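J.: Below are the structure tokens for one structure; questions will follow.
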Amino acid sequence: MEKLIFETGSEGRNGCSLPKLDVPDAAESSFIPGNLLRRKEALLPEVSELDCIRHFTRLSRLNYSVDTNFYPLGSCTMKYNPRINEKIASLPQFSALHPYQPESSVQGMLKLLYDTEQMLCRICGMDAFTLQPAAGAHGELTGMLIARAYHVSKGDPRKKVLIPDSAHGTNPASAALCGYEVVTVKSGPDGRIDIGALKDAAGQDVAVMMLTNPNTLGLFEKDIKKIADIIHGSGALLYLDGANMNALAGVSRPGDMGFDICHVNLHKTFSTPHGGGGPGSGPVGVKAALADYLPAPRIKIKRNKFTLDSDCKKSIGKVKAFYGNIGVVIKAYCYIRSLGGEGLRDAAFEAVLNANYLKAKLRGNYTPAFDGEPCMHEFVLTGKDKKPMGVRTLDIAKRLLDYGYYAPTIYFPLIVEEAIMIEPTETESKQTLDAFADVMIKITGEAASDPSLVTSAPHTTPVRRLDEVAAARELNLRWKKTGA
Amino acid sequence: MADTGKLLFAKTHEWLRVEGNIGYVGITDHAQKEITDVVFVELPKVGKEVSKEGEAAVVESVKAAFSIYAPVSGRVIKANDAVEKDPSIVNKSPYDDGWFFAIEMKDPEETASLMSLKDYEEFIKSGAH
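Given below as structure tokens:
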């Protein structure tokens, strides 16, 4: 395993020779107040330029990404990030802009942001969008703040938020952070909202229902109109967690289903880099009745010029510095423009087709948690039938690493025992899906014939099975110089 | 060693040990095995009012975080700090040292809806959880 850069090199070694001082030398204490001077030497790495290059090059080779291998991480939409979009976003006409430039000198940038909002409105069936939120969960919090502002303005600040038991963990966290009490709505035997349970939970004190559609089991909420009617009938708002928009973009619109607020993840559905390639972007869209509550500033057209309008009296205020992660928005804009409406629709169709193909390949060796109908863009398997062999879902995930695959999402959603959640996305070929399915099937064979091979995996990675218990109980994130 | 035959069980995998009007609460052996190694426990504050089937504590394992529901309503009178300090006790001794909190029960009648050990074992076997 690669050592930390602090553990390499040698005292006094460095990567650059500075020119001779051409000003009089002076002690730091003569121009920096004593209380701001550090008392101990800074423990900086002491390496040559070559040491440094080798260290980071070796680290980069250990990196696993969608650029190197298949990444079937359920609910994360790890699709290919087209290079052309990176190239366009890095053009100096975009990257060299300064957020404090006069508006008159950034009209093109503002037009791109404005047009992106308009395109997202059309894709989602919403009336207004903000690009400020920096990620999906940030979008959720923004949505909850908008809902709260709406209910408060009507003199009816409600207390509860309804969330299905299959929801992403961020949903209850966002609602709780906004001061709401979270009420869990149980799923029915078909993996969808139980309408009876929803009717029992709905009421005058419910502010919002947060829903993911298709849900985290990869199933479309077929009763969505009925759900929307029940929620709206009680005076509450319906929020879409748009994490799974990759199944819907260009096909079906949340606004038409009855959602009042939604977020989309540009780093999922709209192909911008995700995770370590980040940052993210979680724009939030609303119906017209909620538009005034969107975060300020908003991009408006005044006298034929684009302008950032901060005169928004009902707004929940700013949720991010400037206007969000602009670089991400530029890439998503390019993606939407290059695919167009038909291209987005085809991407959704192929994402769904790939998921169903893979699910069908694995059936027989793995048990789908919900079967008997096609899935949407992802599906969930249960590993409970492997338990008698002493092999758990975690072991299967670890064994996949040996074969060069990123592990799928595991132990989520919580309502499926030993869950394995797989989302292949539309950018994978049939050959990739076949190769992955072959390995998954091979692992079931190993679990039966040689379970210890699976339970002690991974065997080929730079780091073997991690002691997750020790990592959680004795968290140690800081390197300390020995003897210091 | 607790006499598990005397404990009462909730569908959400908590156990209740009744001593007079005090009820001790923890999670079952089945639950600790399912969630695997516990790494964090958040207990209710002493004095907190909890309601039957309402969230009362949180337990986090290497798998995920889970809510612990109060099997009966009442006021929390004791919390077992030991499991917060060393969460592995929940795995090692779910029915004894690994108890979570104690409730001064509001309504002893509420225990009627809880299961006996035999019924709980049947319930687990049925796979309805």
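Protein chains in written order, with our numbering: chain A, 4 to 487; chain B, 377 to 505. Backbone N, C-alpha and C define an ideal beta-carbon position, used for all residues, glycine too. All values derive from a computational prediction rather than experimental measurement.
What would DSSP say about Glu-477/A, mapped onto helix, strand or coil?
T.: coil
J.: Kindly indicate the opening and closing residues of the alpha helix (DSSP H) around Tyr-445/B.
T.: Counting along the chain, Tyr-445/B falls outside any alpha helix (DSSP H), though it belongs to the beta strand (DSSP E) covering 441-445.
J.: Lys-424/B and Val-401/B: beta carbons closer than 8 Å?
T.: no
J.: Between the alpha carbons of Gly-381/B and Tyr-496/B, how many angstroms are there, rounded?
T.: 11 Å
J.: Quick one, which residues of the region 460-484 of chain A are near chain B if we go by CB-CB under 7 Å, in chain order?
T.: Glu-471, Val-472, Ala-475, Arg-476
J.: Can you list the residues of chain A that Lys-501/B reaches, using a CB-CB cut of under 8 Å?
T.: Simply none; closest approach about 13 Å.
J.: When the Cβ atoms of the region 184-198 of chain A are set against those of the region 125-133 of chain A, are three or more pairs found closer than 8 Å?
T.: no
J.: At 3 residues or longer, and completely inside the region 203-230 of chain A: list those beta strand (DSSP E) runs for me, N to C.
T.: With a minimum length of 3 residues, the continuous beta strand (DSSP E) runs that stay inside the region 203-230 of chain A are 209-215.
J.: Would you list, in chain order, the members of the region 404-424 of chain A that have their beta-carbon closer than 9 Å to a beta-carbon of chain B?
T.: Ile-413, Tyr-414, Phe-415, Leu-417, Glu-420
J.: Have a look at Asn-84/A and Asn-66/A and give me their C-alpha separation to the nearest angstrom.
T.: Roughly 16 Å separates the two Cα atoms.
J.: Got a sec, what are the start and stop residues for the alpha helix (DSSP H) Val-466/B sits in?
T.: 464-468
J.: Decide if Ser-190/A is buried, meaning its Cβ has at least 16 other Cβ atoms within 10 Å, or exposed.
T.: buried
J.: Tell me the DSSP secondary structure of Arg-57/A in three-state form.
T.: Residue state, collapsed to three classes: helix.
J.: Is Ser-427/B closer than 8 Å to Ala-455/B when the C-beta atoms are compared?
T.: In this structure, Ala-455/B lies away from Ser-427/B, with their beta-carbon atoms at least 8 Å apart.
J.: For Ile-230/A, collect the residues of the same chain with a Cβ closer than 8 Å to its Cβ; drop the 5 residues on either side in sequence, then sort them by chain order.
T.: Here Ile-230/A has Ile-196, Ile-198, Leu-201, Met-212, Leu-214, Glu-224, Leu-241, Gly-261 as same chain residues with Cβ atoms under 8 Å from its own Cβ, once five neighbours each way along the sequence are excluded.
J.: Counting only Cβ pairs nearer than 9 Å, list the residues of chain A close to Ala-440/B.
T.: Those within 9 Å of Ala-440/B in chain A are Gly-172, Tyr-414, Phe-415, Leu-417.
J.: Give me whichever residues DSSP pairs with Val-289/A in a beta bridge.
T.: Ala-131/A, Ile-264/A
J.: Between Asp-413/B and chain A, is there a C-beta pair that is closer than 8 Å?
T.: yes
J.: For Ala-99/A, does the count of other Cβ atoms within 10 angstroms reach 16, so buried, or fall short, so exposed?
T.: exposed
J.: Could you compute how far the alpha carbon of Met-147/A sits from the alpha carbon of Cys-181/A?
T.: Rounded to whole angstroms, the gap between the alpha carbons of Met-147/A and Cys-181/A is 7 Å.
J.: Straight-line CA distance for Ile-444/A to Ser-437/B?
T.: 29 Å
J.: Which two residues bound the contiguous alpha helix (DSSP H) that contains Gly-343/A?
T.: 329-365
J.: In terms of alpha-carbon separation, which member of Gly-327/A, Val-267/A, Pro-300/A, Ile-304/A lies closest to Pro-282/A?
T.: Gly-327/A
J.: Between which two residues does the alpha helix (DSSP H) containing Asp-244/A stretch?
T.: That residue, Asp-244/A, is in no alpha helix (DSSP H); its beta strand (DSSP E) goes 240-245.
J.: By DSSP, does Gly-146/A sit in helix, in strand, or in coil?
T.: helix
J.: Using a Cβ-Cβ cutoff of less than 6 Å, which residues in the same chain neighbour Gly-194/A once the five nearest sequence positions on both sides are dropped?
T.: Leu-220, Leu-222, Phe-373
J.: Could you give the distance in angstroms between the alpha-carbon of Ile-8/A and the alpha-carbon of Glu-89/A?
T.: 29 Å
J.: What residue range does the beta strand (DSSP E) around Val-434/B cover?
T.: Under the DSSP assignment, Val-434/B falls in the beta strand (DSSP E) whose first and last residues are 431-437.
J.: Where Leu-154/A and Tyr-369/A are concerned, what is the direct C-alpha to C-alpha distance, given to the nearest angstrom?
T.: The amino acid at residue 154/A is misidentified as Leu; the sequence shows His. Taking the straight line from one Cα to the other gives about 46 Å.
J.: Please list the terminal residues of the continuous beta strand (DSSP E) segment that includes Met-81/A.
T.: Looking at the DSSP string, Met-81/A is not in any beta strand (DSSP E), and its letter there is neither H nor E.
J.: Could you tell me whether the region 444-457 of chain A touches the region 387-395 of chain A, where touching means 3 or more Cβ pairs closer than 8 Å?
T.: yes
J.: Mind checking which residues open and close the alpha helix (DSSP H) that includes Tyr-496/B?
T.: 493-502
J.: Determine the direct distance from the alpha carbon of His-270/A to that of Ser-284/A, and round the result to whole angstroms.
T.: 6 Å
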